[in-house]
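Residue numbers (my numbering), protein chains in the order written: chain R, 1 to 122; chain E, 123 to 244; chain L, 245 to 366; chain F, 367 to 488.
From the three backbone atoms N, C-alpha and C, an ideal C-beta is built for every residue, glycine too.
4 protein chains.
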Amino acid sequence: MTEIKEAQASVDRWIARFEEGYWPPLVNLARLTEEVGELAREMNHRFGAKKKRDDEPQGDLALELGDVLFVLIAIANEQGIDLDDALTKVLGKYEARDSDRWRAAESGPAAQPGSTRDGDTN
Amino acid sequence: MTEIKEAQASVDRWIARFEEGYWPPLVNLARLTEEVGELAREMNHRFGAKKKRDDEPQGDLALELGDVLFVLIAIANEQGIDLDDALTKVLGKYEARDSDRWRAAESGPAAQPGSTRDGDTN
Amino acid sequence: MTEIKEAQASVDRWIARFEEGYWPPLVNLARLTEEVGELAREMNHRFGAKKKRDDEPQGDLALELGDVLFVLIAIANEQGIDLDDALTKVLGKYEARDSDRWRAAESGPAAQPGSTRDGDTN
Amino acid sequence: MTEIKEAQASVDRWIARFEEGYWPPLVNLARLTEEVGELAREMNHRFGAKKKRDDEPQGDLALELGDVLFVLIAIANEQGIDLDDALTKVLGKYEARDSDRWRAAESGPAAQPGSTRDGDTN
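See below:
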């Protein structure tokens, strides 16, 4: 039951153990690009048309998402940004901007995290 | 003071309001690629060599990070993945793998989130 | 009927007109990430589930691909890399590595560029 | 001395050998994201702060650029887009849009492809 703020502190403690500290912004960004690429590879293997080679392990989608989250937190930490606050602002922005772009669900009981409400046709 | 689990539930509630529900995995991935691109544009404007055009607003790095986090959570939700657990596993993986790749900080008081410990030369 | 080498020279001439010259590698990489993000937005609008907002023009997929190609050439030029040679090597690498990953087409007349041989189910 | 059009035809011939033919657009896009990620990893190893692990080969920047170019051509082919024409249009667009964003080089002899005109400080 980790708070977002605690997750940022955990990443900070991990990085604090090393002399180099945080990487510069564009180095962090390059690493984010790399980790998103690994996520793309894993998702394409599961949901796309690309065949896995026999010597490639199945991988772990959760770990790839975790890697991306780690770098995202590192970028936020290095820049002194509160991700909890950022996410709140983003949800507010979507509220204002996108509320008329989608058709409202007719019923709409609050779904549980992880539930998939559409037929995945990919 | 939002927990990661609560953040996943907030995104889920937001998406539950719309008929379409979650997008398929490769559509979500394409949107993640798009949002990482917008983050790259913002970071390049601040830390890179690219000049802003006069008609481009300064933007908000925190919002761009929040947009990426939102899509990351949507991917995790759609796949039923617990991001809190994923981040814990990733920190454990780094612990095992990278502990000898960095020189340990000699002192090493736990730094605060947002602190930058290296000279950013980008 | 431009040769790849001529395309690299055209990009070089364009960049030579400006004092700044080529950007450093990680700045170029950030711009590549940005342009791939714009391509992702355009492709998601056409082939994904994301709805366009009314104030977003339809855009031009060819121009987005051209933007990515431009940055790719800039990275190659800045690093002194011959893309024609690189593509030849890559085709040779695929030849060696992937030849048994796909089922060979039974007939297999040389298709024309731009032809689509699969049912696009995205 | 390959023309861009010939490069598109070469990729097409390679893909024509296999039953599957071109992947759908969002699958191609996911693969582009993956290949850009591998390029980012290689560039970060060379120009960023990330340390290579001993078990990671030095890699080949040219091959990574070639991989990205291959997927870019595959996307263009699948969509019936002429990349030579697209690059010409992009150069024209930059001509119109960016000509006043940069300071013109005072002298400005046409530089050779691959030359680097700035001190790379990354």
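Considering Cα atoms alone, identify which of the options is closest to residue i.
| i | options | result |
| --- | --- | --- |
| M367/F | D329/L, G336/L and E339/L | D329/L |
| E42/R | A406/F, E400/F, E372/F and F413/F | E400/F |
| P268/L | F436/F, N410/F, E430/F and L438/F | N410/F |
| K333/L | E372/F, I381/F and A428/F | A428/F |
| G336/L | I441/F, G446/F and G432/F | G432/F |
| E64/R | G159/E, L151/E and D182/E | L151/E |
| Y246/E | N77/R, E78/R, I15/R and A76/R | Look at the range of chain E in this structure, 123 to 244, and you will see that residue 246/E is not part of it. |
What residue range does the alpha helix (DSSP H) around residue i cover?
| i | result |
| --- | --- |
| M287/L | P269 to F291 |
| D316/F | Chain F is shown from 367 up to 488; residue 316/F falls before or after that span and cannot be answered. |
| D60/R | That residue, D60/R, is in no alpha helix (DSSP H); it is neither H nor E in DSSP. |
How big is the Cα-Cα spacing for residue i and residue j?
| i | j | result |
| --- | --- | --- |
| R139/E | G414/F | 43 Å |
| A232/E | D82/R | The pLDDT assigned to A232/E is 35, lower than 50, so where the model puts this residue is not dependable, and the model offers no usable value. |
| L209/E | L39/R | 14 Å |
| A196/E | E141/E | 15 Å |
| D486/F | L398/F | Because D486/F carries a pLDDT of 37, less than 50, the predicted location of this residue cannot be relied on, and no value is offered for it. |
| E322/L | Y266/L | 6 Å |
| A373/F | L392/F | 22 Å |
| V36/R | V158/E | 9 Å |
| R46/R | D304/L | 30 Å |
| I248/L | I126/E | 49 Å |
| A198/E | R97/R | 23 Å |
| G202/E | G80/R | 30 Å |
Please decide whether residue i counts as near chain A, where near means a Cβ-Cβ distance under 8 Å.
| i | result |
| --- | --- |
| L65/R | The structure shown contains no chain A; the protein chains it does contain are R, E, L and F. |
Worksheet item: Which residues, in chain order, does the stretch 252-272 of chain L contribute to contact with chain R at a C-beta distance below 8 Å?
Response: Answer set for the stretch 252-272 of chain L: L270 and V271.
Fill in: the stretch 368-379 of chain F touching the stretch 434-447 of chain F, judged by at least three CB pairs closer than 8 Å
As far as the Cβ criterion goes, the stretch 368-379 of chain F touches the stretch 434-447 of chain F, which means the pair count is three or higher.
Worksheet item: Listed from N- to C-terminal order along the chain, which residues in the stretch 323-337 of chain L have their beta-carbon within a distance smaller than 7 Å of any beta-carbon of chain R?
Response: Flagged: no residues at all.
Fill in: Near-chain E residues of the stretch 275-297 of chain L - C-beta to any C-beta below 8 Å
From the stretch 275-297 of chain L, only R275, T277, E278, E279, V280, G281, E282, A284, R285, M287, N288, G292, A293 and K294 have a Cβ closer than 8 Å to chain E.
Practice prompt. Scan the stretch 184-200 of chain E for residues whose Cβ lies nearer than 9 Å to a Cβ of chain R and list them as they occur along the chain.
Written response: Flagged, chain order: A184, L185, E186, L187, G188, D189, V190, L191, F192, L194, I195, I197, A198, N199 and E200.
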